[in-house]
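Peer 1:
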Amino acid sequence: MFFVLSKILGFFLHPSNTIAMICLAGALLLLTRWRRAGARVLGVGVVLLLVAGYSPLGSVLLLTLSERFPPWQFNGRAPDGIIVLGGAIDSEVSAARSSLEIDSSAERVVAALELARQYPQARIIYSGGSGNLIANSVAEAPIAGELLARFGVAPDRVVLESKSRTTAENASFTRELVSPKPGEVWLLVTSAFHMPRSIEAFRAVEFDVQAYPVDWRTRGWRDAALPFDRLSSGLARMDVAVHEWAGLLAYRLGGKGAARRPSP
Numbered sequence: 001m002f003f004v005l006s007k008i009l010g011f012f013l014h015p016s017n018t019i020a021m022i023c024l025a026g027a028l029l030l031l032t033r034w035r036r037a038g039a040r041v042l043g044v045g046v047v048l049l050l051v052a053g054y055s056p057l058g059s060v061l062l063l064t065l066s067e068r069f070p071p072w073q074f075n076g077r078a079p080d081g082i083i084v085l086g087g088a089i090d091s092e093v094s095a096a097r098s099s100l101e102i103d104s105s106a107e108r109v110v111a112a113l114e115l116a117r118q119y120p121q122a123r124i125i126y127s128g129g130s131g132n133l134i135a136n137s138v139a140e141a142p143i144a145g146e147l148l149a150r151f152g153v154a155p156d157r158v159v160l161e162s163k164s165r166t167t168a169e170n171a172s173f174t175r176e177l178v179s180p181k182p183g184e185v186w187l188l189v190t191s192a193f194h195m196p197r198s199i200e201a202f203r204a205v206e207f208d209v210q211a212y213p214v215d216w217r218t219r220g221w222r223d224a225a226l227p228f229d230r231l232s233s234g235l236a237r238m239d240v241a242v243h244e245w246a247g248l249l250a251y252r253l254g255g256k257g258a259a260r261r262p263s264p
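Position 181 of the sequence shown, counted from 1, bears residue number 181 in the UniProt record's numbering, the numbering being contiguous throughout.
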């Protein structure tokens, strides 16, 4: 039920969808006797569209998440395991085309391959089922497993978790699979903006992991002062940022995240 509700609410938590609904409501009101109210609603929608699409607000919201965990630094202790969260592979298109299709978070897969080569004794855990509510569900982890094998990662090093649909399930199902021992070092690979919610989810199930952020999307705080040159680019970043902030808040309120603000 939590999963279905989160997906339904998630539609309206994307600013681009909300703005579109506001504009649609204003346009429909123009066809009624409430034309003046419709014009005002439509005007509000247009203003929101311009602010969300061209202003750096989306970058600011994203940076407040992505800058919380710095790049991982090797401290002399090789990791015992590397956990890679799904979201880098378009599993439905990959299955339909019988060809690997990477999406905008492809850095997660690249990091997995690099870390597997650098630390040949580490176990590789790829956690990713299907988070689609309507489309045909095709788990991501098996496709990632084929990719790892194609690049020479020994199958006995790889554990595939393909049931999870959310970040909270990534954490709980992965912990059940690997049963981490005290003192072990586990790296968590995911997008930088997704790392705060991911760390909270893993700490909530008492799995102590070290953040290995990738897929930064910005060059740093200097982007907070730069407007976008395309409406679609600004809207896309705003959608990602607001969706992630909403997910972080929902996890805290729903008890699926840590009680305190996560930090390195």
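Just so you know, even glycine gets a beta-carbon here, dropped at the ideal spot from N, CA and C. Computed from a predicted model, the values in this text were never measured in an experiment.
1. Just to confirm my understanding: we take residue 155, look at its own chain, exclude 5 residues before and 5 after, and list those with CB closer than 7 Å. What are they?
2. Note down the Cα distance separating residue 142 from residue 107, rounded to an integer number of angstroms.
3. Take residue 69 as the anchor and find which of 255, 231, 206, 187 has the nearest alpha-carbon.
4. What does the Cβ neighbour count give for residue 61, buried or exposed, with the cut at 16 atoms within 10 Å?
5. If I follow the unbroken alpha helix (DSSP H) through residue 112, where does it start and stop?
6. Measure the C-alpha to C-alpha separation of residue 35 and residue 63 and round it to an integer number of angstroms.
7. Does the Cβ of residue 171 lie closer than 8 Å to at least one heavy atom of the ligand NAD?
8. Measure the CB-CB distance between residue 120 and residue 185 and report whether it falls below 9 Å.
9. Roughly how many angstroms separate the alpha carbons of residue 104 and residue 58, rounded to a whole number?
10. Report the rounded CA-to-CA distance for residue 24 versus residue 38, giving the unit in angstroms.
11. Just to confirm my understanding: we take residue 239, look at its own chain, exclude 5 residues before and 5 after, and list those with CB closer than 7 Å. What are they?
12. In terms of residue numbering, what span does the beta strand (DSSP E) encompassing residue 211 cover?
13. Specify the secondary structure class of residue 44 as computed by DSSP and reduced to three states.
14. Beta-carbon separation of residue 268 and residue 234 under 9 Å?
15. Considering only DSSP beta bridges, list what residue 158 is partnered with.
16. Nearest to residue 158 by alpha carbon, out of 51, 9, 113?
17. Name the DSSP beta bridge partners of residue 270, please?
18. To the nearest whole angstrom, what separates the beta carbons of residue 197 and residue 247, a pair I think is in contact under 8 Å?
19. Would you mind giving the Cβ-Cβ distance between residue 201 and residue 168, rounded to the nearest angstrom? I have them listed as a contact below 8 Å.
20. Pick helix, strand or coil for residue 191, following the three-state DSSP scheme.
Peer 2: So, to answer that:
1. If the five residues before and after residue 155 are omitted, its C-beta is found closer than 7 Å to the C-beta atoms of 149, all from its own chain and listed in chain order.
2. So the two alpha carbons sit approximately 18 Å from each other.
3. 187
4. buried
5. 107-118
6. 40 Å
7. This structure simply doesn't include the ligand NAD, nor any ligand for that matter.
8. No, these two residues do not count as a Cβ contact at 9 Å.
9. 17 Å
10. 9 Å
11. 14, 15, 16
12. Residues 210-214.
13. Three-state result, residue 44: helix.
14. The first residue shown for the chain is 1 and the last is 264, placing residue 268 beyond what the model contains.
15. 124, per the DSSP bridge assignment.
16. Nearest option by C-alpha distance: 113.
17. Residue 270 falls outside the range modelled here, since the chain spans only 1 to 264, and no answer is possible.
18. 5 Å
19. With 8 Å as the limit, residue 201 and residue 168 qualify as a contact, their Cβ atoms being about 5 Å apart.
20. strand
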